[in-house]
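Some notes on the structure that comes next.
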Amino acid sequence: MTKAKSIWMNGALVPWDEAKVHVLTHALHYASSVFEGIRAYQTPKGPAVFRLEEHIDRLMFSARVYRMEQELSFTRDQIRDACLQMVAGNELKDCYIRPLVYRSYEHMGVNPFGNPVHVCVAAFVWGQYLGKDALEKGSSVKVGTWHRLAPNTLPVMVKASANYMNSQL
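Numbering-wise, numbering that gives the first Met the number 0 puts 118 at position 119 of the sequence shown, and it's gapless, one number per residue.
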């Protein structure tokens, strides 16, 4: 991953190294965040963001499922525009875009309500996910003994941070 110049945080452009959240942020303790992973590719007409509208729709759906949508201070279109602004403003061509909606801090405890909902969008150069040689030489993988979460355990159709803990086991 290569640092970009700035990150969009709650409507403000913040220098990369100054984009921080409080240590008591609810999302850090209770995984109360949803996100998207979006790619932009260089074309003869400039960077093209792959299926941006669909990604933003899914982000908003995820926020709705986790009951954050009503507390968002930004519209769908503002978040979409922030994604485009991060690509252009950071002068990126081939890049990865990560919009994140998360509960910040105000109250501790499992109950998420009362913690403000924040939005940030980062864009940066992130080469081959599995490394440069993966496409030509392959990569080592393992099949774990843990099972994927059942659909009646957590909303697996939502791109939420909590759903990815299972993949790390």
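Note that the Cβ used here is the ideal one computed from N, Cα and C, for glycine as well.
Asked                                                                                                                     : Found
Taking only three categories from DSSP, how would you classify F49?                                                       : coil
Against chain D, with Cβ distances strictly below 7 Å, would V100 count as a contact?                                     : Going by chain labels, chain D is absent from the structure shown, which holds only one protein chain.
Roughly how many angstroms separate the alpha carbons of R102 and F73, rounded to a whole number?                         : 14 Å
Return helix, strand or coil for Q41, following the three-state DSSP convention.                                          : strand
Measuring alpha carbon to alpha carbon, tell me which residue in M0, S5, L168 is nearest V86.                             : S5
Assuming A62 contacts E68 (C-beta within less than 8 Å), just tell me the rounded distance between them.                  : 4 Å
Whole angstroms is fine: what's the gap from G143's alpha carbon to Q127's?                                               : 23 Å
Measuring straight from C-alpha to C-alpha, what distance separates A81 and A39?                                          : 14 Å
Exposed or buried, what is M164 when buried is set at 16 or more other beta-carbons lying within 10 Å of its beta-carbon? : exposed
Can you give me the start and stop residues for the alpha helix (DSSP H) that R75 sits inside?                            : 75 to 88
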